[in-house]
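Written below as structure tokens is the structure these notes are about.
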Amino acid sequence: MLIQWRRILRSVDIKFDNSRVLPGETLTGNVVVRTDKEFVCNRVVLKVVSKERTEVGSGDNRRTDEKLLISRVFRISEGRTIPEGISSFPFLFYLPRKLPPTYKGYFGYIEHTVEGVVEVDWAIDPKMKEEYQVIQQRPPHIPETIDTAVISKTNNGLHVQLNEDCVRMDTGILVRFKVDDKNRMRRLRFEIRKREDAKCSWSNVDHSIVVRRKFSTLNQDDWGRWKEIRIGENWREYIPFKSELYRISYHLKVTLEIDFGRDPDIKIPLLISDCAPEEDVLEEIALDLGIDDW
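Shown next, in the form of structure tokens:
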């Protein structure tokens with residue numbers, strides 16, 4: 435996308451070498467100036483801004499909050515004559531290792547932008563702003579639980595057990611469940627919910643949405659029997675993170691849907707784990723095959 439003026443006499447564009455970068459990496463690219471007639475500029479500058487913003491309410495009750503994570507200005511060219519045609523001015527910027535990811539949520543956003551400005555006399559400064567994406571590192575791998583301890587919760591005839599409290603990015607999480615009330619055997623709803631906690635001015639607010647959902651229909655033969663279901667496979671959601679204004683977390687919610695009355699439910703906080711390293715997978719295969727030396 436280009437910003438143009440004076441019948442396309444001058445235009446500025448931002449070209450990234452890679453518009454998706456990880457915290458700690460280097461953002462590189464060029465400020466590209468196009469003109470059909472040479473002109474003199476005072477300098478070419480690059481403005482790098484990262485900010486997070488929250489907004490709550492509307493009208494007279496509307497409140498906002500904003501935090502600058504990065505606000506830097508770099509001179510990438512001194513004053514010079516820019517010739518007719520296309521001129522490129524390269525730039526690079528090292529991203530902080532703890533920079534939060536690009537995020538658009540219920541209460542606002544976290545965005546990362548670069549703006550190129552060509553400063554000139556007696557005219558509007560040609561400029562262009564572009565957003566780049568800060569993506570997340572993969573989460574650490576959490577070793578599988580090898581003891582017999584389980585997470586077990588009960589609520590009004592609904593029982594839920596987990597061997598571990600983490601969703602693995604490839605295989606999800608295995609949930610064991612049973613219902614011991616014959617009169618309310620209908621259907622179970624399994625949800626992984628994302629919770630967004632946000633700070634806005636003097637208040638703390640939160641909002642949750644379902645990112646994964648499955649159902650299990652029950653019949654009379656299932657009364658008092660343990661059953662299993664897997665949820666959260668092939669994870670493509672945000673990894674939990676915390677910034678100055680946001681905190682993203684997940685929990686499992688299991689709900690027993692009944693015809694009358696309030697549906698009993700159980701909630702369990704969840705972690706997110708990377709897939710098992712390849713060497714661990716090979717070792718597990720070897721053990722299954724009875725091979726001692728792999």
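Using my numbering, the final residue of the sequence shown is 728, and nothing's skipped along the way. Cβ atoms here follow ideal geometry from the backbone N, Cα and C, with glycine treated the same way. For clarity, every value in this text was computed on a predicted model and none was experimentally measured.
By a beta-carbon distance limit of 8 Å, E489 contacts T498. Their separation comes to about 5 Å. In the three-state scheme derived from DSSP, where H, G and I count as helix and E and B as strand, G658 is classed as coil.
Between the alpha carbons of T460 and S453 lies a gap of roughly 11 Å. With respect to S683, P703 sits close: the two C-beta atoms are nearer than 8 Å.
Just so you know, the alpha carbons of E565 and V548 end up roughly 6 Å apart.
Apart from sequence neighbours up to five positions away, the residues of its chain that approach R664 with a beta-carbon distance below 8 Å are T605, G606, I607, L608, V609, ordered along the chain. A check of alpha carbon separations from L503 across I692, Y680, R627 identifies Y680 as the nearest. Between D451 and T462 a beta carbon distance of about 5 Å is seen, short of the 8 Å cut, so the two are scored as contacting.
Rounded to the nearest whole angstrom, the C-alpha separation of Q595 and S586 is 4 Å.
In this structure P577 is exposed. Its beta-carbon is surrounded by fewer than 16 other beta-carbon atoms within 10 angstroms.
Counting along the chain, K532 sits inside no beta strand (DSSP E), nor does DSSP assign it H or E at all.
Within the same chain, and ignoring the five residues on either side of Y672 in sequence, the residues whose Cβ sits closer than 6 Å to its Cβ are I682. Nearest to N590 by alpha-carbon distance, out of N668, A632, D699, is D699. By the neighbour-count criterion, in which a residue is buried when 16 or more other Cβ atoms sit within 10 angstroms of its Cβ, L526 is exposed. The Cβ atoms of V554 and F473 lie closer than 8 Å to each other.
Under the criterion of beta carbons closer than 8 Å, P560 and S445 qualify as touching, at roughly 7 Å. Cβ neighbours of L652 within its own chain (closer than 7 Å, five residues either side excluded): V613, M619, R620, R621, L622. Rounded to whole angstroms, the separation of the alpha carbons of G666 and C709 is 13 Å. Per DSSP, reduced to three states, the secondary structure at D615 is coil, with no helix or strand assignment.
Cβ-Cβ distances below 7 Å link G458 to L529, R531 in the same chain, with the five nearest sequence neighbours on each side left out; the list follows chain order. Under the DSSP definition of a beta bridge, V507 partners with K481. The DSSP assignment places no complete alpha helix (DSSP H) segment of no fewer than 4 residues inside the region 565–596.
Setting aside the 5 residues that flank it on each side, K628 is surrounded in the same chain by I643, V645, Y684, each with a C-beta closer than 6 Å to its C-beta; the list follows chain order. By the neighbour-count criterion, in which 16 or more other beta carbons inside 10 Å mark a residue as buried, W660 falls on the exposed side.
Beta-bridge annotation (DSSP): T498 is paired with E489. Beta-bridge partners assigned by DSSP to A632: V639, Y680. Distance between L456 and F649, taken at the CA atoms: about 36 Å.
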